[in-house]
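Structure, as structure tokens:
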Amino acid sequence: MSILIDDSTRVIVQGITGRIGSVQTHWMLEYKTRVVGGVTPGKGGSTVEGVPVFDSVAEAVSETGANASVFFVPAAFVLDAFLETVDAGIKLIVIVPEFIPVQDVIKMRGYAIEKGVFALGPTTPGVLVPGKGKMGIMPASLFVPGRVGIISRSGTLSYEFAGILSQSNVGQSTVVGMGADPVVLRNLADILELFQEDEGTDAVIIVGEVGGEQEEKAAGFIARKMTKPVAAYIAGRYSPQGKRMGHAGAIVRGTEGTVEGKHEALRAARVEVLESPIHVAEWAKKHNLK
0 MSILIDDSTR VIVQGITGRI GSVQTHWMLE YKTRVVGGVT PGKGGSTVEG
50 VPVFDSVAEA VSETGANASV FFVPAAFVLD AFLETVDAGI KLIVIVPEFI
100 PVQDVIKMRG YAIEKGVFAL GPTTPGVLVP GKGKMGIMPA SLFVPGRVGI
150 ISRSGTLSYE FAGILSQSNV GQSTVVGMGA DPVVLRNLAD ILELFQEDEG
200 TDAVIIVGEV GGEQEEKAAG FIARKMTKPV AAYIAGRYSP QGKRMGHAGA
250 IVRGTEGTVE GKHEALRAAR VEVLESPIHV AEWAKKHNLK
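Residue 0 is where the sequence shown starts when you use this note's numbering, and the numbers rise one by one after that.
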């Protein structure tokens, strides 16, 4: 089993006719993802990689039965496109673009929760189920099917962890990029809950980073609800205070968002804190994970 993507997932690509959208559509199709359509206003009737393009999300859903969407839309247009997508009945949305205004993200988050939509991002590499499909930009060659879930605030670090596990003959059930902005559409605890309920996941790895309080809040959920082993790695140990480190959400302000604070909260929740990504192989071996 897996979370978010399964055999019933039918994906549309918004911004499919753009350079990034068309290239990533190719790779999603290459990975056997069921991409059934694309949306670019004014380009309806054309095709990209053999996939039909529609002028609106409502039209795409009506014609293809789509139930999921991945965005490669310019940041300035994401809010309007998101509201349109939710109103069209799509229940899973992945927002890849960065530089989306925080106020827009807050509106999107509230509307998605109100309408029962599960949305990831912004600034996410997406979600990938090894051997089944992906929505976003994750490089599929690093992943193999298995029973370890990965949740990451960093795209490249999620690839690194998956690669180390794969080389150790430990597969992944689902790899989820939750987004790297100060405000994201779903919290870490929301994704942990999906993995806790998934019969195909035996353990979970959190790949966090400095800034914000996602990991601290997740520690509370882990202490109350998680029965599966959880390991965590926090990037940015030597980040200077007040300086953004790569991602908009990766910034330490005063005593908030420090590596030490996250480690303390996670250890109190019985999470095994990894000092280096390479240590994930030892952790997996200790728990007999495959």
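For each residue, glycine too, the CB sits at the ideal point set by N, CA and C.
Within a Cβ cutoff of 6 Å, which residues of the same chain sit near residue i, ignoring the five residues on either side of it in sequence?
i: I233; result: G207, V258 and K261
i: V35; result: R9, T63 and A65
i: A222; result: A268
i: V143; result: P129, S165 and G170
i: I19; result: F71
i: S172; result: S1, R146, G148, G199 and T200
i: S21; result: V47
i: F194; result: G148, T200 and V203
Below 8 Å on the Cβ atoms is my guess for residue i versus residue j; work out the distance and round it to an integer in Å.
i: P129; j: G170; result: 6 Å
i: G14; j: F71; result: 4 Å
i: A87; j: R9; result: Between R9 and A87 the Cβ distance is about 13 Å, and since that is not below 8 Å, they are no contact.
i: E214; j: L187; result: 7 Å
i: V126; j: V93; result: 6 Å
i: S1; j: K131; result: 6 Å
i: L78; j: D54; result: So it is not a contact: roughly 19 Å between Cβ atoms.
i: W282; j: E271; result: 6 Å
i: K224; j: E263; result: With 8 Å as the limit, K224 and E263 do not qualify as a contact, their Cβ atoms being about 20 Å apart.
When you compare each of the options to residue i by their alpha carbons, which one comes out closest?
i: D5; options: K31, F142 and E281; result: K31
i: V300; options: P228, K285, F76 and L156; result: With the chain running from 0 to 289 in the structure shown, residue 300 is simply not present.
i: L3; options: I105, F76, G148 and I19; result: G148
i: G154; options: G49, I205, A57 and E212; result: I205
i: G256; options: A57, G43, T39 and K216; result: K216
i: G199; options: A231, L288 and P96; result: L288
i: V209; options: E192, K224, A231 and L191; result: A231
i: S7; options: H286, G41, L91 and P276; result: L91
i: E97; options: A179, E192, E83 and D189; result: A179
i: V95; options: I105, A74, R33 and I190; result: A74
i: A218; options: P181, R266 and V101; result: R266
i: P181; options: H25, G44 and I105; result: I105
Measuring straight from C-alpha to C-alpha, what distance separates residue i and residue j?
i: F81; j: M107; result: 7 Å
i: E113; j: R185; result: 13 Å
i: A212; j: G135; result: Checking the displayed sequence, the identity of residue 212 turns out to be Glu instead of Ala. So the two alpha carbons sit approximately 25 Å from each other.
i: I99; j: G109; result: 15 Å
i: R152; j: K284; result: 24 Å
i: F220; j: G17; result: 40 Å
i: M137; j: T123; result: 10 Å
i: V183; j: I150; result: 14 Å
i: P40; j: N168; result: 45 Å
i: K42; j: V12; result: 13 Å
i: Q23; j: G49; result: 14 Å
i: L141; j: V69; result: 21 Å
i: K242; j: F117; result: With a pLDDT of only 48 at K242, under 50, the local geometry of the prediction cannot be trusted, and the value read off the model is given with reservation. For K242 and F117, the distance between alpha carbons rounds to 31 Å.
i: T226; j: E196; result: 10 Å
i: T84; j: L28; result: 21 Å
i: I190; j: A111; result: 15 Å
i: G290; j: F76; result: Any property of residue 290 remains undetermined from this structure, which presents the chain solely from 0 to 289.
i: M244; j: G44; result: Note that M244 scores 48 on pLDDT, short of 50, meaning its location in the model is unreliable and no value can be drawn from it.
i: H25; j: V174; result: 20 Å
Looking only at its chain, what residues have a beta carbon closer than 7 Å to the beta carbon of residue i, apart from the 5 residues adjacent to it on each side?
i: T46; result: V52
i: A57; result: A87
i: H286; result: A202 and P228
i: I163; result: P276, I277, V279 and A280
i: R33; result: T8, R9, V10 and G132
Who pairs with residue i in a beta bridge, going by DSSP?
i: Q171; result: V147
i: I19; result: Answer is none; I19 lacks a bridge partner.
i: P129; result: Paired residues: none, contrary to the question.
i: A217; result: The partner list for A217 (beta bridge, DSSP) is empty, contrary to what the question assumes.
i: V12; result: G37 and V69
i: T46; result: P51
i: E271; result: A230
i: V258; result: Answer by DSSP bridge pairing: none, since V258 is not bridged.
i: F117; result: L91
i: I277; result: Partner(s): none; I277 has no beta bridge.
i: A202; result: V147
i: M134; result: V126
Keeping to the same chain, check which residues put their C-beta closer than 8 Å to that of residue i; ignore five residues upstream and five downstream.
i: I89; result: I11, V56, V60, A65, N66, A67, S68 and V116
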